[in-house]
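Report on one structure; see the data block that follows.
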Amino acid sequence: MSSPNLPTSLLLNGREFSYDTLRQTPDPAASLNGYEARVLELLHQWLSGAQEFGQRTSGSTGEPQLIVLTRRQLAASAARTGDYFDLGPGDRALVCLNCEYIGGKMMLIRGLERHLHLTVVEPHADPFTEVSAEAEFDFAAFVPLQLSALLAAGRADRLNKMRAILVGGAGVAPSLLRQIEQLTVPVYLTYGMTETASHVALRRLNGPDASPHYRGLPGLHLGQDERGCLTVRGDVTNDELIVTNDRIELLDKHTFDWLGRVDFVINSGGVKVQAEKVELVLDVALAEVGESRRVFVAGHPDERLGQAVTAYVEGASLAPATEEKVLGLLRARLAKYEVPRALVYVPAFEATASGKLDRAATVRAAAD
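Take 225 as the starting number for the sequence shown in this note's numbering and just add one per residue.
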């Protein structure tokens, strides 16, 4: 019998679903949309004791792949996050990430494992439009687009009532970071992937404990391979060594700086340029001239250099004077070989099925 203090149901798109019913059937209601049915199927699998869960990778750096995660891995990940943030019965969590991907799936499993009151809504730019105005939450995870939309809609007061917020799935632009720094609720940037059952490291973005470094969650073993890329081993990896393509500087056995993807290194005339470094400087330069744009940097085939550093900018072309000002800022802040040889304007960036930027598809579309 459940304790009277433990949740016996959750809210999904404003409707209540009993855990006892879901334990028996994944389809307790006749009228479900496709997303609701998939969420309830996952809940049924977990509540009925399934031991293996198929999961597609996000596809942000290659073709999505189907992998299998064990119940032990997912439960270990939920326990680490729950312990880190001291989440337990009575706490309220908002689940507004896509539960078909690991970030949203783990929010559900954390709720079940830690006996949280779960409010689940379909992914939406401003998730608070999908819940009652009186609803308050202790814990939530957002992608940067959602957090930016929430702040633009004046939701800072509601966010500040939470105990902790996770943000991940994409980089945090300098303009968004400045807004996050004004929040009093602790906000953490996550590092992780499908293969590690969500995040394995966190970086505090605001408050007195803000840090430029990622800190691995306790009990996980971090290392580097011969390329300087992060390796992870622990219960969340089924005790197997996961070798990433993320170049890091390992500061100690628990702390690291993320330098960029090894597969995003541009070989320009024999000089290796880390695309993400150029992107960060370009983000700041655009913000300084009053332009908030999504950008990324990639190598474009070049007969002389092999690859030319090229910046892809979403939206209409900048005015010539504005573009020259941006390029001037880049020349002042980057080494000569890091400055983009061209700015390529793309009306709208391509996205993966999980909503992440698809660099390769965008480059191909821009070349057509």
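Even glycine gets a Cβ: it sits at the ideal position worked out from N, Cα and C.
As the structure is a computational prediction, the values presented were derived from the model and not from experiment.
Inset, instruction - Can you give me the Cβ contacts of P347 inside the same chain, cut-off strictly under 7 Å, excluding the 5 residues immediately before and after it? - result: Here residue 347 refers to the residue found at position 123 when the sequence shown is read from its first residue. Excluding sequence neighbours, P347 sits near C320, L321, N322.
Legend entry - Identity of the residue in N430, G273, G440 nearest S422 by Cα: One-based indexing of the sequence shown puts residue 422 at position 198. If we check each option's Cα against that of S422, G440 comes out closest.
Legend entry - Three-way DSSP call (helix, strand, coil) for L553 in this model: Stepping through the sequence shown from its first residue, residue 553 is reached at position 329. Helix.
Legend entry - L264, DSSP secondary structure in three states: Mapped onto the sequence shown, residue 264 falls at position 40. If DSSP states are grouped into helix, strand and coil, L264 belongs with the helices.
Inset, instruction - Compute the distance between the beta-carbons of K580 and G393, then report whether it is under 8 Å. - result: Here the question's residue 580 lines up with position 356 in the sequence shown. Here the question's residue 393 lines up with position 169 in the sequence shown. Their beta carbons are under 8 Å apart, which means K580 touches G393 by this criterion.
Legend entry - Pair within 8 Å by beta-carbon distance, L369 and V396: On the sequence shown, residue 369 is found 145 positions in, with the first residue counted as 1. On the sequence shown, residue 396 is found 172 positions in, with the first residue counted as 1. Contact: no.
Legend entry - Member of T408, A261, L506 whose CA lies at the smallest distance from the CA of R555: Reading the sequence shown from its first residue, position 331 is the one you call residue 555. Among T408, A261, L506, the Cα nearest to that of R555 belongs to L506.
Legend entry - With 16 other Cβ atoms within 10 Å as the buried cut-off, status of K329: Start at 1 with the first residue of the sequence shown, and residue 329 comes out as number 105. So K329 counts as buried.
Legend entry - Touching by the beta-carbon criterion (3+ pairs, under 8 Å), the stretch 471 to 487 and the stretch 513 to 528: no
Legend entry - Continuous alpha helix (DSSP H) stretch holding S372: start and end: The sequence position of residue 372 within the sequence shown is 148, counting from 1. Element bounds for S372: 368 to 376.
Inset, instruction - Would you kindly work out how many angstroms separate the C-alpha atoms of F241 and P252, rounded to a whole number? - result: Within the sequence shown, the letter at position 17 stands for residue 241. Within the sequence shown, the letter at position 28 stands for residue 252. In a straight line, the C-alpha of F241 is about 8 Å away from that of P252.
Inset, instruction - Starting from V505, follow the alpha helix (DSSP H) in both directions and report where the run begins and ends. - result: As a working note, residue 505 is residue 281 in the sequence shown. Start and end: 499 to 512.
Legend entry - With 16 other Cβ atoms within 10 Å as the buried cut-off, status of R239: Start at 1 with the first residue of the sequence shown, and residue 239 comes out as number 15. So R239 ends up on the exposed side.
Legend entry - Which listed residue (T305, V568, I291) has its alpha carbon closest to that of V424: Residue 424 sits at position 200 when you count from the first residue of the sequence shown. For V424, the nearest C-alpha among the options comes from T305.
Inset, instruction - Flag this pair as yes or no: are the beta carbons of A364 and E337 separated by less than 8 Å? - result: Sequence index remark: in the sequence shown, residue 364 carries index 140 (1-based). Sequence index remark: in the sequence shown, residue 337 carries index 113 (1-based). Contact flag unset, no.
Legend entry - Close-in-space but distant-in-sequence residues of the same chain around F232 (CB under 8 Å, 5 per side omitted): Translated into the one-based positions of the sequence shown, residue 232 becomes position 8. Here residue 232 is Thr; the residue named in the question, Phe, does not match the sequence. The residues are S226, S242, Y243, D244.
Inset, instruction - Following the continuous alpha helix (DSSP H) through R583, name the residue where it begins and the one where it ends. - result: The residue given as residue 583 occupies position 359 in the sequence shown. Taken as a continuous stretch (DSSP letters only), the alpha helix (DSSP H) holding R583 covers 583 to 591.
Inset, instruction - Between the Cα of I326 and those of L483, M417, A388, spot the shortest distance and give me the residue it belongs to. - result: Here residue 326 is taken as the residue at index 102 of the sequence shown, counted from 1. With distances taken between Cα atoms, I326 lies closest to M417.
Inset, instruction - Please report the Cβ distance between D362 and R316, rounded to the nearest whole angstrom; I am assuming they are in contact, meaning their Cβ atoms lie under 8 Å. - result: Taking the first residue of the sequence shown as 1, we reach residue 362 at position 138. Taking the first residue of the sequence shown as 1, we reach residue 316 at position 92. With 8 Å as the limit, D362 and R316 qualify as a contact, their Cβ atoms being about 5 Å apart.
Inset, instruction - Go ahead and label E503 buried or exposed: buried means 16 or more other beta carbons lie within 10 angstroms of its beta carbon, across all protein chains shown. - result: Walking along the sequence shown from the start, residue 503 turns up at place 279. With 16 or more other Cβ atoms within 10 Å, it is buried.
Legend entry - Burial state of R471 (16 or more Cβ within 10 Å): In the sequence shown, counting from the first residue as 1, residue 471 sits at position 247. R471 comes out buried.
Inset, instruction - Kindly indicate if chain B contains any beta-carbon less than 8 Å away from that of S255. - result: No chain B appears in the structure shown, which is made up of a single protein chain.
Inset, instruction - Mind listing, in chain order, the continuous alpha helix (DSSP H) runs of no fewer than 4 residues lying wholly within the stretch 269 to 352? - result: 295 to 308, 326 to 338
Legend entry - Between the CA atoms of A509 and E548 - distance to the nearest angstrom: Within the sequence shown, numbered from 1, the residue matching residue 548 stands at position 324. Within the sequence shown, numbered from 1, the residue matching residue 509 stands at position 285. Cα to Cα, E548 sits roughly 11 Å from A509.
Inset, instruction - For R247, name the three-state secondary structure that DSSP assigns. - result: Numbered from 1 along the sequence shown, position 23 holds the residue referred to as residue 247. Helix, per DSSP.
Legend entry - Stretch-stretch touch, CB-based, cutoff 8 Å, three pairs: the stretch 292 to 301 with the stretch 265 to 276: yes
Inset, instruction - Starting from L567, follow the beta strand (DSSP E) in both directions and report where the run begins and ends. - result: Indexing the sequence shown from 1 puts residue 567 at position 343. 566 to 570 is the extent of the beta strand (DSSP E) around L567.
Inset, instruction - Using only alpha-carbon positions, find the residue among E260, A349, G431, E419 that is nearest to L407. - result: Numbered from 1 along the sequence shown, position 183 holds the residue referred to as residue 407. Of E260, A349, G431, E419, the residue nearest in Cα terms is G431.
Inset, instruction - Starting from A532, trace the beta strand (DSSP E) both ways and give me its first and last residue. - result: For the purposes of this step, residue 532 is taken as the residue at position 308 of the sequence shown. First-last of the beta strand (DSSP E) with A532: 530 to 538.
Inset, instruction - Could you please give the first and the last residue of the uninterrupted alpha helix (DSSP H) stretch that includes Q403? - result: Indexing the sequence shown from 1 puts residue 403 at position 179. Element bounds for Q403: 398 to 404.
Inset, instruction - Would you kindly report the start and end of the unbroken beta strand (DSSP E) that includes D463? - result: Residue numbering aside, residue 463 sits at position 239 when the sequence shown is read from its first letter. Element bounds for D463: n/a, residue is neither H nor E.
Legend entry - Collapsed DSSP secondary structure at G447 in the structure displayed: Numbered from 1 along the sequence shown, position 223 holds the residue referred to as residue 447. DSSP places G447 in strand when its eight states are reduced to three.
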